[in-house]
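As structure tokens, the structure follows; a few thoughts come after it.
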Amino acid sequence: MKTRRYQVKKEVETILKHGHPWIFKSHLSSASSVFKSGDCLALMNAANEVLAYGIFEKDALIAIRIIKFGKTPPDAEWLKSKLKKCLLKRENIKNFTEGYRAIHGENDGFPGVVFDVYHKTGVLQTYVPSVDSIGRYLAKVLQKELQLETVIWKAPSRRKKPGVTRILYGSHPKVQWMREGKLKVAVDIGEGQKSGTFLDLRGLRKFLALQNLKGKRVLNLFSYTGTLGLAAEVAGASEIWNVDISKGALKFSETHHSLDKKKYRYVAADIFHWVESLPPFEKFDVIIVDPPSMASDAKQVPVALKAYAKIYRRVLPHLKHKGMMIVCCCTSRISRAKFTEVAKKSLSSTLPKMKSLPSEDDHPVGFPEGDYLKMFVFS
Ligand SMILES: C[S@@+](CC[C@H](N)C(=O)[O-])C[C@H]1O[C@@H](n2cnc3c(N)ncnc32)[C@H](O)[C@@H]1O
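With the numbering used here applied, the sequence shown covers 2 to 380.
So this is what it looks like as structure tokens:
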């Protein structure tokens with residue numbers, strides 16, 4: 002990899018010493034104006050010692066993403082050996098499921114690159130153009146290493162042309178099935194959100210599938226394709242309501258994620274309004290609330306937290322005595338401490354026990370912003 006040298010300010014040196022993988026635009030000197038997106042920079046201190054290597058992105062808030070700390074530059078062999086270590090960490094998960102995240106971006110030391118595996122299909126997502134070529138290289142290595150039949154390159158929703166997909170290898174499967182413990186999960190790779198499904202909710206699906214929900218009623222709010230509902234059904238639930246604004250996601254749940262269709266009710270609605278019309282006599286043993294992120298910048302955080310708290314207050318009266326309420330938050334903008342505070346304030350007086358579900362090994366948390374998913378069970 003060809004590198005260009007760049008002497009960083011003292012404050013950047015401190016950031017690098019703490020091992021943080023992002024350098025913001027506001028921390029750069031005017032000397033950085035000569036660089037192009039995708040340039041690999043050798044970041045030096047005032048004594049001309051190289052501290053780290055990073056990929057430059059022009060006109061972006063995160064201007065440099067660190068690919069390697071230390072003096073020696075990154076090369077193809079180094080990338081491959083790092084990838085091998087990454088895959089080794091996933092060995093245990095592969096005994097449980099055919100669907101896992103092989104590369105989890107910065108958390109695994111591969112900035113801006115995510116690679117999900119669904120049985121024989123791999124899905125690459127690159128979050129900024131400057132990491133496209135690294136991402137494609139890693140996808141090529143993974144295709145061979147994991148003997149994938151298909152590799153898709155899908156633009157994440159935050160990129161300018163979200164949803165655009167390209168086939169890098171093989172042919173595009175409309176729906177890819179994967180085993181996950183006792184569940185058979187269908188993944189809508191072309192039309193689906195994220196890389197096709199929410200792999201990061203595996204810990205919650207596992208938790209639900211292990212409960213004794215025989216004869217229980219479950220309200221699954223923000224259900225997407227209904228994989229949490231399916232986990233509840235496997236655990237014995239007798240009635241499951243999947244509620245989401247996306248008719249397509251609900252149709253997909255109905256087609257793929259129900260063992261006994263008679264147990265299901267599908268509601269296409271804006272949940273923030275719909276909860277107001279839920280009749281008081283409708284009571285559930287389990288209520289799941291997994292809203293979308295709602296806070297792409299810091300200014301939106303108070304509004305999102307208010308909306309979360311409002312929903313909890315509205316649905317709590319619909320929880321039966323000894324019931325369980327599960328609340329999730331999927332944005333790193335909202336800190337774990339803040340989300341805990343809001344969830345506890347809304348729920349703890351009725352449901353005093355709180356359990357936090359940990360992230361799985363294929364979703365490591367490598368830096369503060371990497372702690373995006375919070376999943377709490379109140380009972
Ligand atoms: C984080 S995802 C939920 C993932 C889901 N729990 C699962 O098991 O895969 C958020 C979901 O909220 C839905 N959504 C967004 N805004 C909504 C609204 N106002 N009312 C209902 N659903 C909404 C989206 O369609 C998306 O499926």
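Beta carbons are placed, not taken as given, at the ideal position from N, Cα and C, and that holds for glycine.
None of these values were measured; they are calculated from a predicted model.
Q) Does the beta-carbon distance from Leu321 to Lys284 come in below 8 Å? A) Within the sequence shown, residue 321 is the residue found at index 320, counting from 1. Within the sequence shown, residue 284 is the residue found at index 283, counting from 1. One detail in the question is off: residue 321 reads as Lys in this sequence, not Leu. Cβ atoms of Lys321 and Lys284: closer than 8 Å.
Q: Just mark Arg1 as buried or exposed, buried being the case when its beta carbon has 16 or more other beta carbons within 10 Å.
A: Since the first and last residues shown for the chain are 2 and 380, residue 1 lies out of range.
Q | Stretch pair the region 126-140 + the region 98-117: three plus CB contacts closer than 8 Å | A | At 8 Å Cβ cutoff, the stretches touch.
Q. Of all the options Glu370, Lys311, Ser333, Gly367, which has the alpha carbon lying nearest to the alpha carbon of Lys346?
A. Counting from one through the sequence shown, the residue named residue 346 turns up at place 345. Nearest option by C-alpha distance: Lys311.
Q: Report the residue from Leu84, Glu58, Ala103 whose alpha carbon sits nearest the alpha carbon of Pro130.
A: Against the sequence shown, residue 130 aligns to sequence position 129. Its Cα nearest to that of Pro130, the residue Glu58 stands out among Leu84, Glu58, Ala103.
Q: For the beta strand (DSSP E) holding Asp298, just list the boundary residues, first then last.
A: By 1-based counting over the sequence shown, the position of residue 298 is 297. It is not in any beta strand (DSSP E) - Asp298 carries neither H nor E in the DSSP assignment.
Q.
If I measure Cβ to Cβ from Arg315 and keep anything under 6 Å in the same chain, skipping five residues before and after, which residues do I get?
A. Here residue 315 refers to the residue found at position 314 when the sequence shown is read from its first residue. Only Val276 meet the Cβ criterion.
Q.
When you measure from the CB of Ala238 to every non-hydrogen atom of ligand 2, does any distance come out below 7 Å?
A. Among the ligands in the structure shown, ligand 2 does not appear; only ligand 1 can be found there.
Q) Residues bridged to Cys87 by DSSP? A) Mapped onto the sequence shown, residue 87 falls at position 86. Its beta-bridge partners do not exist; DSSP assigns none.
Q: Check whether the Cβ atoms of Ser278 and Ser254 sit closer than 8 Å, and answer yes or no.
A: Start at 1 with the first residue of the sequence shown, and residue 278 comes out as number 277. Start at 1 with the first residue of the sequence shown, and residue 254 comes out as number 253. For Ser278 and Ser254, no; Cβs fall outside 8 Å.
Q. Can Leu229 be considered in contact with ligand 1, in the sense that its beta carbon sits closer than 7 Å to one or more heavy atoms?
A. Start at 1 with the first residue of the sequence shown, and residue 229 comes out as number 228. Checking the Cβ of Leu229 against ligand 1 gives yes.
Q: Note down the Cα distance separating His105 from Leu88, rounded to an integer number of angstroms.
A: Residue numbering aside, residue 105 sits at position 104 when the sequence shown is read from its first letter. Residue numbering aside, residue 88 sits at position 87 when the sequence shown is read from its first letter. About 11 Å.
**Q.** Limits of the unbroken beta strand (DSSP E) element including Gly324
**A.** Position 323 of the sequence shown holds residue 324. From DSSP, the beta strand (DSSP E) with Gly324 extends over 320-330.
Q.
Looking at the strands, I want to know which residues DSSP matches up with Arg159.
A. On the sequence shown, residue 159 is found 158 positions in, with the first residue counted as 1. Its beta-bridge partners do not exist; DSSP assigns none.
Q) Enumerated in chain order, which unbroken segments of the alpha helix (DSSP H) with a length of 4 residues or greater are wholly contained in the region 79-153? A) Runs of the alpha helix (DSSP H) lying entirely within the region 79-153, each at least 4 residues long, are 92-97, 133-147 in chain order.
**Q.** Terminal residues of the alpha helix (DSSP H) in which Arg334 lies
**A.** Working through the sequence shown from its first residue, we reach residue 334 at position 333. Judged by DSSP secondary structure, Arg334 falls outside any alpha helix (DSSP H); it is assigned neither H nor E.
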